[in-house]
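Sequence lines, in order, name chains A and B.
Going by our numbering, the letters in the first sequence line up with residues 182 to 702, in that order.
Going by our numbering, the letters in the second sequence line up with residues 182 to 702, in that order.
We treat Cβ as the ideally placed atom computed from N, Cα and C, and that holds for glycine.
Protein chains: 2
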Amino acid sequence: MVQSSYRKVKEEVFHLKRLTLKPKCLDVMAGGLVVVLNAVYAQQNDIYTGYRVILRRNRRELTAMVDLSNDLVKAGEIGLFEEVSKALGGPAHGAVELELTSRPQSIEYIKAKLDGHTLSTPQIRTIIDDTMGNRLSEGELASFMTACYIRGMNEDEVVGLTQSIVATGETLKIGKSPILDKHCIGGVAGNRTSMVLVPIVAAAGCYIPKTSSRAITSAAGTADVMETLCQVSLPIRDMEKQVRSIGGCIVWGGAINLAAADDKLIKVRNPLSLDPKGVLLSSILAKKKSVGAQYCVIDIPVGRGVKLNDMTEARSMARDFISLGKRLGITIESLITNGEDPIGNGIGPSLECRDVLAVLEGSGPHDLRDKSCQLAGTLLELSGKAKKGAGYAIAASMLDNGKALAKFKQIVEWQGGDARKLNSHSVPIGSCHHRIIATRSGRVSHLDNKLLSRIARACGAPLDRGAGVYLHMEKGDMVKAGAPLMDLYAESEGKLEVALKVFNTYEAVEMEKVVLDSLRE
Amino acid sequence: MVQSSYRKVKEEVFHLKRLTLKPKCLDVMAGGLVVVLNAVYAQQNDIYTGYRVILRRNRRELTAMVDLSNDLVKAGEIGLFEEVSKALGGPAHGAVELELTSRPQSIEYIKAKLDGHTLSTPQIRTIIDDTMGNRLSEGELASFMTACYIRGMNEDEVVGLTQSIVATGETLKIGKSPILDKHCIGGVAGNRTSMVLVPIVAAAGCYIPKTSSRAITSAAGTADVMETLCQVSLPIRDMEKQVRSIGGCIVWGGAINLAAADDKLIKVRNPLSLDPKGVLLSSILAKKKSVGAQYCVIDIPVGRGVKLNDMTEARSMARDFISLGKRLGITIESLITNGEDPIGNGIGPSLECRDVLAVLEGSGPHDLRDKSCQLAGTLLELSGKAKKGAGYAIAASMLDNGKALAKFKQIVEWQGGDARKLNSHSVPIGSCHHRIIATRSGRVSHLDNKLLSRIARACGAPLDRGAGVYLHMEKGDMVKAGAPLMDLYAESEGKLEVALKVFNTYEAVEMEKVVLDSLRE
Numbered sequence: 182m183v184q185s186s187y188r189k190v191k192e193e194v195f196h197l198k199r200l201t202l203k204p205k206c207l208d209v210m211a212g213g214l215v216v217v218l219n220a221v222y223a224q225q226n227d228i229y230t231g232y233r234v235i236l237r238r239n240r241r242e243l244t245a246m247v248d249l250s251n252d253l254v255k256a257g258e259i260g261l262f263e264e265v266s267k268a269l270g271g272p273a274h275g276a277v278e279l280e281l282t283s284r285p286q287s288i289e290y291i292k293a294k295l296d297g298h299t300l301s302t303p304q305i306r307t308i309i310d311d312t313m314g315n316r317l318s319e320g321e322l323a324s325f326m327t328a329c330y331i332r333g334m335n336e337d338e339v340v341g342l343t344q345s346i347v348a349t350g351e352t353l354k355i356g357k358s359p360i361l362d363k364h365c366i367g368g369v370a371g372n373r374t375s376m377v378l379v380p381i382v383a384a385a386g387c388y389i390p391k392t393s394s395r396a397i398t399s400a401a402g403t404a405d406v407m408e409t410l411c412q413v414s415l416p417i418r419d420m421e422k423q424v425r426s427i428g429g430c431i432v433w434g435g436a437i438n439l440a441a442a443d444d445k446l447i448k449v450r451n452p453l454s455l456d457p458k459g460v461l462l463s464s465i466l467a468k469k470k471s472v473g474a475q476y477c478v479i480d481i482p483v484g485r486g487v488k489l490n491d492m493t494e495a496r497s498m499a500r501d502f503i504s505l506g507k508r509l510g511i512t513i514e515s516l517i518t519n520g521e522d523p524i525g526n527g528i529g530p531s532l533e534c535r536d537v538l539a540v541l542e543g544s545g546p547h548d549l550r551d552k553s554c555q556l557a558g559t560l561l562e563l564s565g566k567a568k569k570g571a572g573y574a575i576a577a578s579m580l581d582n583g584k585a586l587a588k589f590k591q592i593v594e595w596q597g598g599d600a601r602k603l604n605s606h607s608v609p610i611g612s613c614h615h616r617i618i619a620t621r622s623g624r625v626s627h628l629d630n631k632l633l634s635r636i637a638r639a640c641g642a643p644l645d646r647g648a649g650v651y652l653h654m655e656k657g658d659m660v661k662a663g664a665p666l667m668d669l670y671a672e673s674e675g676k677l678e679v680a681l682k683v684f685n686t687y688e689a690v691e692m693e694k695v696v697l698d699s700l701r702e
Numbered sequence: 182m183v184q185s186s187y188r189k190v191k192e193e194v195f196h197l198k199r200l201t202l203k204p205k206c207l208d209v210m211a212g213g214l215v216v217v218l219n220a221v222y223a224q225q226n227d228i229y230t231g232y233r234v235i236l237r238r239n240r241r242e243l244t245a246m247v248d249l250s251n252d253l254v255k256a257g258e259i260g261l262f263e264e265v266s267k268a269l270g271g272p273a274h275g276a277v278e279l280e281l282t283s284r285p286q287s288i289e290y291i292k293a294k295l296d297g298h299t300l301s302t303p304q305i306r307t308i309i310d311d312t313m314g315n316r317l318s319e320g321e322l323a324s325f326m327t328a329c330y331i332r333g334m335n336e337d338e339v340v341g342l343t344q345s346i347v348a349t350g351e352t353l354k355i356g357k358s359p360i361l362d363k364h365c366i367g368g369v370a371g372n373r374t375s376m377v378l379v380p381i382v383a384a385a386g387c388y389i390p391k392t393s394s395r396a397i398t399s400a401a402g403t404a405d406v407m408e409t410l411c412q413v414s415l416p417i418r419d420m421e422k423q424v425r426s427i428g429g430c431i432v433w434g435g436a437i438n439l440a441a442a443d444d445k446l447i448k449v450r451n452p453l454s455l456d457p458k459g460v461l462l463s464s465i466l467a468k469k470k471s472v473g474a475q476y477c478v479i480d481i482p483v484g485r486g487v488k489l490n491d492m493t494e495a496r497s498m499a500r501d502f503i504s505l506g507k508r509l510g511i512t513i514e515s516l517i518t519n520g521e522d523p524i525g526n527g528i529g530p531s532l533e534c535r536d537v538l539a540v541l542e543g544s545g546p547h548d549l550r551d552k553s554c555q556l557a558g559t560l561l562e563l564s565g566k567a568k569k570g571a572g573y574a575i576a577a578s579m580l581d582n583g584k585a586l587a588k589f590k591q592i593v594e595w596q597g598g599d600a601r602k603l604n605s606h607s608v609p610i611g612s613c614h615h616r617i618i619a620t621r622s623g624r625v626s627h628l629d630n631k632l633l634s635r636i637a638r639a640c641g642a643p644l645d646r647g648a649g650v651y652l653h654m655e656k657g658d659m660v661k662a663g664a665p666l667m668d669l670y671a672e673s674e675g676k677l678e679v680a681l682k683v684f685n686t687y688e689a690v691e692m693e694k695v696v697l698d699s700l701r702e
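Here you go:
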């Protein structure tokens, strides 16, 4: 076995020079803070690709990385991409002063992590600050994520990372108690429990500043579903005021600057789908911490086709959340739930919204009602609003007595929607429709979350709000030949046809020994 | 301790679509194969940042990565940076067909390496092929390098990587024997042994197809020094013919396509100065293997201010080279040398060239002569051209009997130079000159390679061929007040002044208890 590496003498960059350069605007986004210098001119000035420079113009200053070109810019010029040009006050202004700067301190800390050392909270904080200041390249950040993945992170590091991420963004100050929150690890189609849970706990006298995501690869995120009824991009102070006044909100997290570093880290985690456990935990907990949550319930779906399909790992993650919550001052309960098949009947923003409203009206899909009551009940018990064991019943009563529906309508109105005539049938769905029927009888043995999401996306979801899939059966049901399996909704016949092709290509619905076929109605 | 990661369900990308897009040329280099799609249009088509696409136009095809923009391109358009536009046949042509492609196989192998598995040679070969085909992002490659650094590489992996790198480029076929080569780990100013060693061993009847590098952060690379006399960018077949005919060449490795993957890997290794040991060894050995070397000597300088400053690590590296050489069919001897201070008197292309010519003329700096004879002697013994213990004397005789000088002139002539009036005084040096004298007496205790290189660079080296530093003393010398320490040469008084400032800022020459000063002549 070859040893891991030769020790290297620390290379320091000594530089005296400042250069004054003529800007040349390159009307293109570079996707980062990069400037272009003439290759020969740069070499003469001891500047190489990847060097970091401080740029100054008037009183603006930023750090960027150097790229070299033979033709794009001449000696004495500096090529500015849109991001840099904008940050320096636009293309109209004068000369740019450039000064070489040394490698950021973080690089030493990242190398220490590579070498197996544990990082202190101030060291982690420096890495996060340099990340936010664009002082680390994609490769350097990828290297850090890789090191976190291979070396692992101890609890102190995860806590330090969480606190550092929280410190990069704004924090919510509700000034009331108890403040609750909820998070789901994701992957289950139609899993819109937040929209049921938020009005339940708010109606019960709690405060829940819920931020949700939009769909990335699924057919709908909670923010997409809520947006079929009202605004989801609120200024942070409006969100604060709303929660203080009526107990809850359901907004898009992407529109507000909470835990800002997290977005940058997610972008880096993506390429290899690495998700180092410590970073994943920090990412989630930073969002909870930045809204001021005191009590939080985590939904961890387990099963074929979702992120986790192993109970041992799910239990380990559940325990990690609870333990880290204690360190961060959040009382957490983790629920490991069945993530095998979709929740509710609808998949797609408006169809899922109809399910949510039906549950709030006291009827609706039983699995969505049941899961929402379990999560809400847990939160009520954690916060002391319900005695141990009594949470579920209180949550269910809020659905049955209409208080949760009234609270939901209040939330919709506060977020600029019109709740006067709102009910589970009033939400418009796609004008084109196609029913898929079972060609033979049999028992439904599997409904695939990912493939059903794919079909709903082919229908046009999430951008076409009314598009998606409506399921007529669930896992375990006996279905007879000729009975409806699902309805597809879309805004155009063309999209419906594409969705049918997707349906016919993959086996989204598995039945015991039954061959499925699709017939146009 | 939190476990290293949760297992993740493998995410596969299913895609049916092909899109036909209108090209929009972005007259900028992207530094990689990247295309820009309209963000909304991309989402509608299930395409996300970082997805890989195959692009086709006429019969050209390439793989690129997707970036998204809201304003740069419209729906149905594809933004092409210069590299992509060129690869598709230039801006004048028609529509571009885009097809989504799955993640390259390498990603699984990189993740396996992260998880501590040993990679097979075919797996490593796939990673190198995907690297050459631009199918891996900067982040993914950085992640691979980080994994190689943390996990280490066993000998099988290093051999596999070396063979894979060799396979990406051309190989030299001299058709003669013995074929020799030499490599230096680097970091010592003025260390121009190759230019002495090549003519010695060629004059002794061996074949040595020497490729060298240009200066990156030093004041001169061997290619820069040789270029003061003749061409160093030769077509690979001319190089082959020259070595077959006269036994040797001294050319710039960057101009020929040997071990092509190595350049890409070096670019990735740079950001964190990682240099995973296995990759470093592969990188060097691939170059030796691709020229067909049978016998090779490796110069490993050790000391303050060079890459290695620890004898244990130097010995370990020396052994690794020998052991890997056996596996690759190259007989290697490693020499651990003193890298504390510069070799020869000159630092800068022409000044170093004068040293080399003086040694070839039978005089010159004794340390350059001695080291060159040691390295050349070792090669002669390895190849059987000299008996064990007789190599040094044979090498020295080649310098004293003029055969090495004659061979060197032959090499210069073959590479397009004029060797008729060539001698150690004929090489022109900078017209501006300044002498630095000792202000007090004392013994020279340290001459710093890096700082002296920095002074020579401030003088204008390596681009101004005649610029640089000429040392009047070496480590250990007793210097009297008023005696010359060094001469600075430059093409302009301005550069001379900058170099003097650098000299006055750092302590490049350390003397026992002696304060240095600089006076203008």
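Please classify residue i: does DSSP put it in a helix, a strand, or coil?
i: A/V190; result: At A/V190 the pLDDT is 30, less than 50, meaning the model places this residue with poor confidence and gives no usable figure here.
i: B/R635; result: helix
i: B/T392; result: strand
i: B/R721; result: Outside the modelled stretch of chain B, which goes from 182 to 702, sits residue 721 of chain B, for which no answer is possible.
i: A/E421; result: helix
i: B/A245; result: strand
i: B/E278; result: strand
i: B/H606; result: coil
Pull up the DSSP beta-bridge partners for residue i, would you.
i: A/L516; result: A/D480
i: A/C613; result: A/A671
i: B/D362; result: B/C477
i: B/R240; result: Paired residues: none, contrary to the question.
i: A/G527; result: A/Y651
i: A/A265; result: The sequence shown places Val at residue 265 of chain A, not Ala. According to DSSP, A/V265 bridges with nothing at all.
i: B/L410; result: Looking at the DSSP assignment, B/L410 forms no beta bridge with any residue, so it has no partner.
Cβ of residue i within 8 angstroms of Cβ of residue j?
i: B/S471; j: B/V347; result: yes
i: A/V277; j: A/V217; result: no
i: B/M246; j: B/S318; result: yes
i: A/L243; j: A/L214; result: yes
i: A/C477; j: A/K602; result: no
i: A/K391; j: A/S375; result: yes
i: B/A440; j: B/G350; result: yes
i: B/R316; j: B/L269; result: no
i: A/I481; j: A/T518; result: yes
i: B/P546; j: B/I618; result: no
i: A/I381; j: A/A585; result: yes
What do you reckon, is the C-beta of residue i under 7 angstroms from a heavy atom of the ligand COA?
i: B/L218; result: In the structure shown, the ligand COA is absent, as is every other ligand, since no ligand is present at all.
Exercise. If you measure beta-carbon to beta-carbon, which residues of the region 313-334 of chain B are closer than 8 angstroms to chain A?
Worked result: S318, E319, G320, E321, L322, A323, S324, M326, T327, A328, Y330, I331, R332, G333, M334
Problem set entry | Touching by the beta-carbon criterion (3+ pairs, under 8 angstroms), the region 292-301 of chain A and the region 337-345 of chain A | yes
Exercise. So, do the region 603-619 of chain A and the region 451-460 of chain A have three or more beta carbon pairs nearer to each other than 8 angstroms?
Worked result: no
Problem set entry | Residues of the region 222-245 of chain A with Cβ closer than 7 angstroms to any Cβ of chain B, in chain order | Q224, Q225, D227, G231
For this session: Mind checking the region 279-303 of chain B against chain A and listing, in chain order, the residues whose C-beta falls within less than 7 angstroms of any C-beta there?
Result: For the region 279-303 of chain B, the beta-carbon criterion of a distance under 7 angstroms to any beta-carbon of chain A is satisfied by I288, I291, K292, L295.
Problem set entry | Meets three-Cβ-pair contact criterion under 8 angstroms: the region 578-587 of chain B and the region 394-401 of chain B | no
Problem set entry | Short-range partners of chain A found in the region 641-653 of chain B, where Cβ spacing is below 7 angstroms | Within the region 641-653 of chain B, the qualifying residues are L644.
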